[in-house]
Every structure is written in C-alpha cells, then in structure tokens.
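Input: a single structure, listed below in structure tokens.
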Amino acid sequence: MAIIVPFKALRPQAQFAKQVASRPYDVLNSTEAKLEAQGNPYSFLHITKSEIDLPDDVDHYAEEVYLKAKENLHAFIQRDVLFRENKACYYIYQLIMPARLTGGNERSQTGLVCGSSVKDYETDVIKKHEFTRPEKENDRINHIKITGAQTGNVFLAYRDVDEMNQLISNWKKDKSPIYDFTAEDGIQHTIWIVNDDAAIKSISTIFKKKVPETYIADGHHRAASAAKVKTALGDDATAESMYFLTTLFPASELKIIDYNRVVKDLHGLSLQQLLDHINSDFNCSLVGKEPYKPSGPHEFGMYVEGNWYKLDAKEGTYTNDPIGVLDVTILSNNILSKHLGIHDQRTDKRIDFVGGIRGLAELQKRVDSGDMKI
11 MAIIVPFKAL RPQAQFAKQV ASRPYDVLNS TEAKLEAQGN PYSFLHITKS EIDLPDDVDH
71 YAEEVYLKAK ENLHAFIQRD VLFRENKACY YIYQLIMPAR LTGGNERSQT GLVCGSSVKD
131 YETDVIKKHE FTRPEKENDR INHIKITGAQ TGNVFLAYRD VDEMNQLISN WKKDKSPIYD
191 FTAEDGIQHT IWIVNDDAAI KSISTIFKKK VPETYIADGH HRAASAAKVK TALGDDATAE
251 SMYFLTTLFP ASELKIIDYN RVVKDLHGLS LQQLLDHINS DFNCSLVGKE PYKPSGPHEF
311 GMYVEGNWYK LDAKEGTYTN DPIGVLDVTI LSNNILSKHL GIHDQRTDKR IDFVGGIRGL
371 AELQKRVDSG DMKI
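Per this note's numbering, the sequence shown starts with residue 11, numbered consecutively.
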C-alpha cells in the first residue's frame, strides 16, 4: 500500500507567490529560462535553472551551476521570500487551465502535495513506465545533494478513492486558500494548506489502507534521483531523504496529452527514401502546412521539410500484447529504431522530447530552426 507523509514545506510568502512560481525546469531550455526570469529576482528559475545567473558558456552540468543554485536558495530564505512551515502539513493543489491550452473547454484538476516513500519507489509500489536518461538523472542528483533540497515535484496518479475525493472537495469548499493567482500562461494556481491533525491522520490512513499503488505520470528523473541520493547517503540518510516531493492526482482528474519526439537527422536517408521505407509499416499521406494532430489510436503526425504527414500503422506490423499495441511502442520500433537508427532513447543524443503542453507549433519551431530535422 502507498505510504505518504505530510512535510514542512519551504514555500513563498503569499505576496511573492506569483513571482516565485515558475514552470518546471525541464520544459524550457536555458535561453527560455533566462528570458522568463528577466527582471524578476523572485523567480524560482534562479534555483532550478541557476545557469541563467552565470556566463552563457558555462557547462550546464558544472558544479558551479549547483553551487549557484544553493547560493540563490539561501538568498531567497535570507530575504524572507521563502520560509519553512512550522509543522508537517499536506497541501491541496488545484490548476485551472484555459480553453486555449486544452484545445477544448476550460478544465481543472486537483491533487494532494505530499512526501511519497522512496521505499515504495524501490519496491514498485510506485509504478514506472519509462527509462531515465543518465545525464538528466545525474543533473538532478547533483542538484539535490548540493542544494540540500528537493525543488522538483513528481506527478503521481492513483485510482480514485471516494473518501479521499470527498475530503478534498470539502476542504476546498470550507477553507480559504493560502495562494490563488493566475500565471503568465493563463493557468490559475490555487493551494490550500491541510494543517489540522485529524485531517492529516485521515489522509495518511486512506492511502495506507485504500491505495495499493501509484503511477508516475511525470518526473521519472526526479524520482530516480531522489532514490539514488537516499542510497548514496547510506548511514547518513536523514528522515527527509526517505521521501520525495510529489503531487498525487486521482485518475478522474487526469487528461492524457501527447509527448512528442524530435530527431536531429534522417539517419543518412533522403526524405523520399524515408517515406518509401515508412510505407512498409504505415499508410502515409501528405497533409500539408497545417499541423496535424492524431485523432485515434495508431495514428501519428510527422513534420519534416516544411510539411506534415499523417501516418496510419498497418495491421500486422505490431503485436497486440499490452505493450506492443501502444502507440509509443509502434513509434519506437517501426520508425525510430527501424529507420532512424535510434535504439536507445535514453542515451542517444540525436533525439529529444517535447511535451504536448507546448503544442505542435513547438515541434515545427524546432525543425524549422534547423535544430532538428523531423
């Protein structure tokens, strides 16, 4: 069963919350982070992407980057931008996304912020579904060890528990939030603190008795890094290192969005050769200049040399077992590995990933800039 704990958060003073809040470190590059934090000394990017406060030619994985993050974190505390909670609490976190970001109607999702057990991660109570990339894992390990803080949240999902849903709903209705603001991207963030001892005990008990497992939706590198830091500490491991920062969302609150790949080259093929090869496993049709978003299973959109193509996987080119039937498996086996020579997405430097929240325009941008080919 899932073990979760309340924790003493290091969090912003209410008047600084909107300025401190930033996007996750791994959804924007250093140039974008520098622009986003420009003129805002309170942005958390000064801690999570601290290379923005160093010369442009600094290696982003150099020790001085992590030392700068530690320095900036301490400065935030000394300036009273951040303060430490005086007791271990849970937090309820609600996001409301405008229609322009969802591609449909406005939607909200609410989860519980807590500490999740590293032991649960190690024993597979916390389920994983993707491999991690060594350089990204080491980056977060160094960041945690040198700053002495877990600054990145791991997004977990769990099957709905009516009792938990009702507790969260009642708390939101009866209590005032400690933070409520709309960020620059239009997403509204609202957070309630759960500091009542009886409620804290109830939440811990519900998960211990009624939630057999949780699932990583986002944050595999952060989770893996937290586990490895705990192991590396050995006998010096603190109570805090036994847990890592997570937000748990019930399945009913989730929406699955795309997670896209971009590749630097065509592995020595011309576009026509690639299309000819792909046709053995897919029905391939030219869509044109307008972005194409798949609308059903086994459909893919491909942008290359200024045009979008629709790819439909042919029957018989994939297996029907629970893994083989997944679109991500079909893409990996029948395009990335078979034709583009990418056999290990964890370590191959020719591939990168673009979250669906950034939209298909970001894929076009990466390709049209010459940074990527497809």
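Ideal placement from N, C-alpha and C gives every residue a C-beta, glycine not left out.
Does the stretch 306-321 touch the stretch 252-262, meaning 3 or more C-beta pairs lie closer than 8 Å?
-> Contact fails: fewer than three Cβ-Cβ distances are below 8 Å.
Indicate the three-state DSSP secondary structure (helix, strand or coil) for Phe217 in the structure shown.
-> If DSSP states are grouped into helix, strand and coil, Phe217 belongs with the helices.
Have a look at Lys219, Gln119, Tyr168, Thr157 and flag the residue whose alpha-carbon is nearest the alpha-carbon of Lys138.
-> Distances from the alpha-carbon of Lys138 to those of Lys219, Gln119, Tyr168, Thr157 put Tyr168 closest.
With a cut-off of 8 Å, do at least 3 Cβ pairs link the stretch 335-353 to the stretch 279-298?
-> Flag = yes, the stretch 335-353 and the stretch 279-298 touch.
Thinking just about the alpha-carbon of each residue, which of Pro260, Asp246, Ala31 is nearest to the one in Gln176?
-> Checked all of Pro260, Asp246, Ala31; the closest Cα to Gln176 is Pro260.
With 16 other Cβ atoms within 10 Å as the buried cut-off, status of Asp149 | Burial call: buried.
Apart from the five residues just before and just after Asp275, which ones in its own chain have a Cβ nearer than 6 Å to its Cβ?
-> Lys383, listed in sequence order.
Who are Glu140's beta bridge partners in DSSP?
-> Glu140 pairs with nothing; no bridge assigned.
From which residue to which residue does the beta strand (DSSP E) around Thr120 run?
-> Per DSSP, Thr120 is one residue of the beta strand (DSSP E) stretching across 117-127.
Whole beta strand (DSSP E) elements within the stretch 258-342, 3-residue minimum | For the stretch 258-342, whole beta strand (DSSP E) runs of length 3 or above, ordered along the chain, are 269-273, 292-298, 309-314, 317-323.
Give me the Cα-Cα distance between Gly334 and Trp202, rounded to the nearest whole angstrom.
-> Taking the Cα positions, Gly334 is about 42 Å away from Trp202.
Within this structure, are the beta carbons of Asp63 and His56 separated by less than 9 Å?
-> Their beta carbons are under 9 Å apart, which means Asp63 touches His56 by this criterion.
By DSSP, does Arg368 sit in helix, in strand, or in coil?
-> Reduced to three states, the DSSP call for Arg368 is helix.
Alpha helix (DSSP H) containing Arg94: first to last residue?
-> Unbroken run through Arg94 is the beta strand (DSSP E), 92-94; no alpha helix (DSSP H).
For Phe54, which three-state DSSP category applies?
-> Coil, per DSSP.
Looking at C-alpha atoms only, which residue of Tyr269, Thr329, Tyr189, Asn96 is the closest neighbour of Pro16?
-> By alpha-carbon distance to Pro16, the top candidate from Tyr269, Thr329, Tyr189, Asn96 is Asn96.
Buried or exposed for Pro144, please, with buried defined as at least 16 other CB atoms from any protein chain shown within 10 angstroms of its CB.
-> The residue in question, Pro144, is exposed, as its Cβ has fewer than 16 Cβ neighbours within 10 Å.
Cβ of Asp207 versus every heavy atom of the ligand NAD: is any distance shorter than 8 Å?
-> The ligand NAD is absent from the structure shown, which contains no ligands of any kind.
Residue from Ala47, Asn39, Arg360, Leu38 with nearest C-alpha to Lys28 | Nearest of Ala47, Asn39, Arg360, Leu38 to Lys28, Cα basis: Ala47.
Given Gln23, which residues of its chain have a CB within under 7 Å of its CB, disregarding the five upstream and five downstream residues?
-> Here the set comprises Asp90, Val91, Phe93.
Can you tell which of Lys265, Lys211, Lys80 has its C-alpha closest to the C-alpha of Ser118?
-> For Ser118, the closest of Lys265, Lys211, Lys80 by C-alpha to C-alpha distance is Lys265.
Where do the ends of the alpha helix (DSSP H) carrying Met174 lie?
-> Going by DSSP, Met174 is part of the alpha helix (DSSP H) stretching over 172-184.
Which stretch, first to last residue, makes up the alpha helix (DSSP H) that contains Ala43?
-> For Ala43, the enclosing alpha helix (DSSP H) covers residues 40-47.
Measuring CA to CA, which of Thr120, Trp318, Leu166 is closest to Arg232?
-> Residue Leu166 is the option with its Cα nearest to Arg232.
Span of the alpha helix (DSSP H) holding Arg232?
-> That run of the alpha helix (DSSP H) goes 230-243.
Expected contact under 8 Å - CB spacing of Tyr52 and Thr157 to nearest Å = Taking 8 Å as the upper bound for CB-CB distance, Tyr52 and Thr157 are not in contact here, some 17 Å apart.
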